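Chemist: Residue numbers (this note's numbering), protein chains in the order written: chain L, 1 to 762; chain B, 1 to 470.
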Amino acid sequence: MTKDIKQGIAKSMKNIDSANHVTGKSIYVDDIPVRVGTLYACAYGSPMAHGKIKNVDTKAAAEHAGVYSIITHKDIPGENQIGGIIQDEPLLAEGEVHFQGQPIVLVIAETEAIAHAAVKKIKVEIDPLPVIVDPREAFAKGELLSTPRTFSLGDTKKAFAKCAHVFEGQAESGGQEHLYIETQGAYAYPTEHGSVRISSSTQGPTQVQRATAKVLGLPMNKVEVDVTRLGGGFGGKEDQATPWGAMAALAAFVLQRPIKYVLHRMEDMKMTGKRNPYTSDYKIGLDKDLKIVALESTYYQNGGAAADLSPAILERTLFHLNNSYFIPNVQATANSCRTNLPPNTAFRGFGGPQGMFVIEAAIAHAAKELGVDAIDIQRKNLLAEGDEFPYGQIAEGCEAINCWDEAVERYDLEKIKKEVVAFNEKNTQFKKGLSLMPICFGISFTNTQMNNARALVHVYSDGSVGVSTGAIEMGQGVNTKMVQVAAEIFGLDPKRVKLESTNTTRVANTSPSAASATADLNGKALAIACNDILARLKKVAQDNLGHDEKTAIEIKHETVFANNKKTKLTWHELVQAAFMARVNLSAKGHYATPRINFDKTKEKGHPFAYHVYGTAITVATVDCVRGTYEFDCVKLVHDFGASMNRIIDLGQTEGGLVQGIGWMTMEELMYNKEGRLLSNALSTYKVPDIYAVPREIDVHFLNTDNPNLAIFRSKAVGEPPLMYGIGAYFAIRNAVESFNPKAKMAYSAPITPEKVLMGLYS
Amino acid sequence: MAKIQFLLNNRSINAELPSGTTVLDFVRYNQHLVGTKIGCREGDCGACTVLVGEIRDDRLFYQSMTSCLMPLGNAHGKHIVTVEGLNMENLTPVQQAIVDEGGTQCGFCTVGFVVSLSGFTLSQKEHNYENAIAAIDGNICRCTGYKSLERAAAIITKQLAEKDTENSVEWLVEKGFIPDYFLTIKERLEALQSSVIEPSGEGQRVFMGGGTDLFVQRPEEMADSPLYHVFGQPSLTGIEEHKGYCYIGAASTAEDIQASPVMQAIFPNLRAHMKLVSSTPIRNMGTLAGNIVNASPIGDLTAFFLALDSSIVLNHFGQQREIKLRDFYLGYKKLDKATAENVETIYFKIPDKNSYFNFEKVCKRTHLDIASVNSACLVKVEKGVVKEAHLSAGGVAPIPKYLAKSSAALVGKKISPELLKEVELILQEEVAPISDARGTSDYKRLLLRQLFYAHFLTFFPKEIQLAELV
Ligand SMILES: Cc1cc2nc3c(=O)[nH]c(=O)nc-3n(C[C@H](O)[C@H](O)[C@H](O)COP(=O)(O)OP(=O)(O)OC[C@H]3O[C@@H](n4cnc5c(N)ncnc54)[C@H](O)[C@@H]3O)c2cc1C
Ligand code: FES
Ligand code: FES
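This is how it looks when you write it as structure tokens:
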């Protein structure tokens, strides 16, 4: 198999969609030309977070001019169930409601505006039941979504007894709205033989297919899901695209009409889950040399009203509880708590960032109490080759120290430190704060079974190539990387390769595009398929050129080389010859990540194909009069392996970082005690705008040599950079403490201007 | 239904439509131009940005606006440009720069950035990097982290250095920034009858300014309401100085105010203050009257003009009357105004050279956000003694608050940290902030104190030190 990009074809290739994006020609769900007879759906969401449904009155809505039909759970031909990991989530509420905005009734009307207007006329009587929004309260009441999980290493009891310093505290990180700019949506229509076809804005087409099949009582082969691209996903469309796809399909199936349902922003914000908020306890023990000896931690995950992906997210919190540090003694328990919020879900990092925030808070806490710089504790405890993770995997190809030291040297940390100190001595109204944030992120689905993918390749008789994989293009550039894979292996101009939409009839049983592993898994599957065809073509070339089997055939720049010598045979001619010789020019590739395993009964194993490392230096400036802040810079060194596409990988890094900074600073998800979302629009939920990003972001590509588990050794890059954003929290905090050393501030993110001002004057 | 005429890209539109249909719905679902995207329908993401062209001072003049909040009635007589109206066979330099720098990932926000930056190339503002970034300050991108877009903006700025500002449109056409049909637009706009649209339909007339409040608060009602489009009406725009007073037409937008030489001369920091108010496209739409009449307790322009002790001129079917802005607010969203009464003019006495003026605003996100608390302050000081003071604050009461007692308490006193600390106590008695999505009441009180101090730290950096206040 090809190990590295050899021919360098398209290493600097732009996103293949970019010309269409800038001209507005790219098609998203809402842009698909509608078929004649299309009707529009809108769901009525529960006005209460918890209660028994007494009565559903849809009369006025049904009589509203232009309303075609009203659909409730009673119209579901199959099972009213869309739960993924655990079967605990109805499509349309029946009997009880468990969160505000939970869909109860679906209105189908001639226009979107009519559907929305009619929904307002629905009256539902609900007998209220107690509402829980706080995960600790849920835990105390025994409301758990799944069995708690415990990871342990060494013996914390013994270790704490010997620690020179022990600190205990609490850390909290808030939820995060995905705010993909394209809202959730689907367009479904009935097809022959009692089937349906759904165009969905989903990261998980198979999940939409499986759930819809269940709801409609159909075999999976009668539900076709097609995805061209997403206007952003970030995890929010991994499981949570399913209800809208299933609803559109349900109405299309029952009414035998095309149905479109694209959510309005406020519906989307109200009805869909977010990044899980966490509240956690930690106890950290250090020896006199500031080595972390032991950590005990308990995580309370706010799962929302149904399991969704929360149990898997919970697991990843534990996998990343030590971030980039070696901790010899660990005892950590994580609880997924059931509350009356929309089911929380995947979000870039998938529980990892939440776990990392806790250990970083514990280190900052220890540093403050000990009067040392957190940076010193961090550096002393970085993971080294051969160290054991709390889940039993051994660090191999560990780049933690490399990344850190490279960042310190390359960006001259000593100078930055001095500048910050000098600035703070001179200024009273403004203070600067500095932080370092190392990261270590495991690549693979933690559920081993999901680590496989398929691809389908056709070489057409004119030499053009069509590629289908299970990967979903949502801006991360995976389709571009797929083109690169095919072009590289075939030795072709990338223009010859077309990426098809992701469709369940072409590539079945897919894992969602998630866990940063999409390019690795699908790229490897694609490479297998391409190599299959290539092997057949090489034989044809040998025959065609009159060479024997031992002749080394290569195709470079669309030309056949025999024993490193250029021949007259072109790609096009070769394909023609193969076609005439009745050679199969199509292939399917299947890839399953080797070696990985995890034993949940022991909570030990080797779950990750590899880890990604990096270190970011962040400098923030706080306005101590107003409590506002800005970021001077984030300078980071990131372990890319051997990046196969710098422009895409840089974009993922910058974008992930800024999203992480948003999570840690201004993105404040607020629910009231009744479980009502207060930050329910873009006017109240703020994500970074162009003025909010660090003035300077410097990304150094650390080339690292690694086992060939990443596609072309180009390491996964989707999620890890988000976690650099945690550095923003601590940089601001350090600035506040420089103004007010006695500042009383909980380790609670996001660190909004409110928290900053209250801290400055506490 | 109203008869509406305008140019959409290279086509003439002549339609009988409710004037309250949004331009967004019209272009996407009536004209099937789906390049313009929907991200929020609240003016907060910029995915739906279009350019709106008209003739000003005998030149084509384009501004970016969010089509989700723009009623068709406000497009009447204008040139509306969507991405389809910018596309040519080759990518424009704006499109190319975004492609080259990787400024597009999922692509959903991208068209908005393309349109906004194309608007920058067309604008008569100086083509520097700062203005290029300002042009996209109303566009949210969730994917890129903006750095690639900053790089693209820098490239475009550089390319515009050679622009022929006299023959701007010709130069842009020649360099491939815009299609050549733009050369015909001026003439075609002149030929369009741009008479005011008459309100039609039953029920209570609604004054339609920029629509940036109406379409957020009551979007579903707008298509069916008889709208009286005051936006851009010549009789309601224009900013003039007359005998020591400044008169502002009520339909002047925040951008008109910012661009006004009269206002700039009075307020040297005007640009910095206005940068804190919404975003470029919203400032191009939102009017001063809309801000005042909307009566949001955190209206920025309202706070600004309260501290200038402004007066407003109202007109009720030809009957004019005047009232102090501070007396206009009776209670939460309750005004001393008849429903059919129109705001015509806002005017204030131009502060003299012994006066200091400042505007402060803090929110979760510094730009394109609604204030947690805002405040404006005007003080006239002679020989260290306050002769006149007007202090306002938003977000601390059910109405935009003119802080009468605190203002009075400053007058006649010598500026000192002690005075400010004393007045701060009065200030706290005058307000009653509530806890909401923009902050707890404790925070808002602390923030109000800080902003009050910030005014004086700004006015008297030598005399007043932060450490003496807190
Ligand atoms: C994304 C976004 C960001 C925003 N950010 C800010 C901000 O930072 N600060 C801020 O203060 N505001 C902000 N706003 C609110 C809004 O833009 C302003 O209040 C703006 O000034 C409203 O003006 P308009 O002309 O668009 O109002 P419209 O929506 O047209 O009208 C608002 C009200 O005023 C009435 N009205 C309008 N003109 C007249 C008139 N001449 N006589 C009588 N009544 C009239 C209308 O009937 C209506 O009741 C924001 C809005 C959006 C959508
Ligand atoms: S759709 Fe978001 S600004 Fe118009
Ligand atoms: S590219 Fe996805 S939102 Fe900007």
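Cβ coordinates follow ideal geometry from the N, Cα and C atoms, glycine included.
Predicted model, so just to flag it, every value in this text is computed and none were measured.
(1) Quick one: grab the DSSP three-state call for L:R210.
(2) What span of residues does the alpha helix (DSSP H) with B:M208 cover, start to end?
(3) Could you check which residue in B:L301, B:M285 and B:I426 has the C-alpha nearest to that of B:S64?
(4) Tell me which residue opens and which closes the alpha helix (DSSP H) that L:F729 is part of.
(5) Residue range of the alpha helix (DSSP H) that B:D369 falls in?
(6) Going by CA-CA distance only, name the one from L:V36, L:I439, L:S468 and L:G463 that's closest to L:A453.
(7) Apart from the five residues on each side of it in sequence, which residues of its chain come closer than 6 Å, Cβ to Cβ, to L:S461?
(8) For a test of your reading of the model: does the CB of L:F347 fall under 7 Å from any non-hydrogen atom of ligand 3? Yes or no.
(9) Spatial neighbours of B:N358 within its chain, please: CB distance less than 6 Å, with the 5 preceding and 5 following residues excluded, ordered by chain position.
(10) Beta-carbon separation of B:F113 and B:G103 under 8 Å?
(11) If L:A716 and L:V622 are in contact, beta carbons under 8 Å, what's the gap, nearest whole angstrom?
(12) Please list, in chain order, the chain B residues whose beta carbon lies closer than 9 Å to that of L:A681.
(13) Can you pull out the residues from the segment 124-157 of chain B whose beta carbon lies closer than 8 Å to at least one beta carbon of chain L?
(14) Please decide whether B:I4 counts as near chain L, where near means a Cβ-Cβ distance under 8 Å.
(15) Under the three-state reduction of DSSP, which class applies to L:E488: helix, strand or coil?
(16) Using 8 Å as the threshold, is the segment 35-47 of chain L in touch with the segment 112-130 of chain L, meaning 3 or more CB pairs across them?
(17) Which chain B residues sit within Cβ distance under 8 Å of L:R626?
(18) Between which residues of its own chain and B:V386 is the CB-CB distance below 6 Å, once the five residues before and five after are set aside?
(19) Where in the segment 645-704 of chain L do unbroken runs of the beta strand (DSSP E), each at least 3 residues long, occur, reported from the N-terminal end onward?
(20) Below 6 Å CB to CB, which residues in the same chain sit around L:H320 once its five sequence neighbours on both sides are set aside?
(21) Since I believe B:G73 is in contact with B:A2 (beta carbons under 8 Å), could you give me their beta-carbon distance rounded to a whole number of angstroms?
(22) How close, in whole Å, do the beta carbons of L:L456 and L:A529 come, if the pair is a contact with beta carbons under 8 Å?
(23) What three-state label does DSSP hand L:R348 in the structure shown?
(24) For ligand 3, any of its heavy atoms closer than 7 Å to the Cβ of B:C377?
(25) If you draw a straight line from the alpha carbon of L:I132 to that of L:G675, how long is it in whole angstroms?
(26) Terminal residues of the continuous beta strand (DSSP E) containing B:H229?
(27) Give me the residue from L:I377, L:E369, L:A400 and L:P390 with the minimum Cα distance to L:A384.
(28) Might you give, ordered along the chain, the residues of its own chain that have their beta carbon closer than 6 Å to the beta carbon of B:S473, omitting 5 neighbours on each side?
(29) Name the residues in the segment 105-119 of chain B whose C-beta lies less than 8 Å from a C-beta of chain L; which are they?
(30) Beta-carbon within less than 7 Å of B:Y332's beta-carbon, same chain only, minus the 5 sequence neighbours each way: which residues are those?
(31) Skipping 5 residues on each side, what residues in its chain have a beta carbon closer than 7 Å to that of L:M266?
(32) Does B:A161 pass the burial test, meaning 16 or more other C-beta atoms within 10 Å, or should it be called exposed?
(33) Measuring from the CB of B:Q105, is there a heavy atom of ligand 3 at a distance below 7 Å?
(34) For L:E549, count neighbouring Cβ atoms within 10 angstroms of its own Cβ and tell me buried if that reaches 16, exposed if not.
(35) Mind checking the segment 555-588 of chain L against chain B and listing, in chain order, the residues whose C-beta falls within less than 9 Å of any C-beta there?
(36) Measuring CA to CA, which of L:P390, L:R210, L:D287 and L:L760 is closest to L:F160?
Modeler: On the basis of the data shown:
(1) helix
(2) Here B:M208 belongs to no alpha helix (DSSP H); instead the beta strand (DSSP E) covers V206 to M208.
(3) From the listed residues B:L301, B:M285 and B:I426, the smallest Cα separation to B:S64 is found for B:M285.
(4) Note that residue 729 of chain L is Tyr in the sequence shown, not Phe. Run containing L:Y729: I726 to F739, per the alpha helix (DSSP H) assignment.
(5) Run containing B:D369: none; DSSP gives neither H nor E here.
(6) L:S468
(7) Closer than 6 Å at the Cβ level, and outside the excluded window around L:S461, lie F579.
(8) no
(9) C377, H455 and T458
(10) yes
(11) Not a contact, Cβ separation roughly 34 Å.
(12) C40, E42, D44 and V216
(13) Hits within the stretch, in order: I133, I136, D137, N139, I140, C141, R142, C143, T144, G145, Y146, K147, S148, L149 and E150.
(14) False, the Cβ-Cβ gap to chain L never drops below 8 Å.
(15) helix
(16) yes
(17) E360, V362, L447, Q450, L451 and A454
(18) V379, L410, V411 and K413
(19) 696-703
(20) G352, G355 and M356
(21) 6 Å
(22) 7 Å
(23) coil
(24) no
(25) Using only the alpha carbons, I get a separation of about 8 Å.
(26) L227 to H229
(27) L:A400
(28) In the structure displayed, chain B extends from 1 to 470; residue 473 of chain B sits before or after that span and is not available.
(29) Q105, C106, G107, F108, C109, T110, V111 and V114
(30) P398 and I399
(31) The answer, listed in chain order, is N680 and A681.
(32) exposed
(33) Yes - ligand 3 has a heavy atom lying nearer than 7 Å to the Cβ of B:Q105.
(34) exposed
(35) none
(36) L:D287
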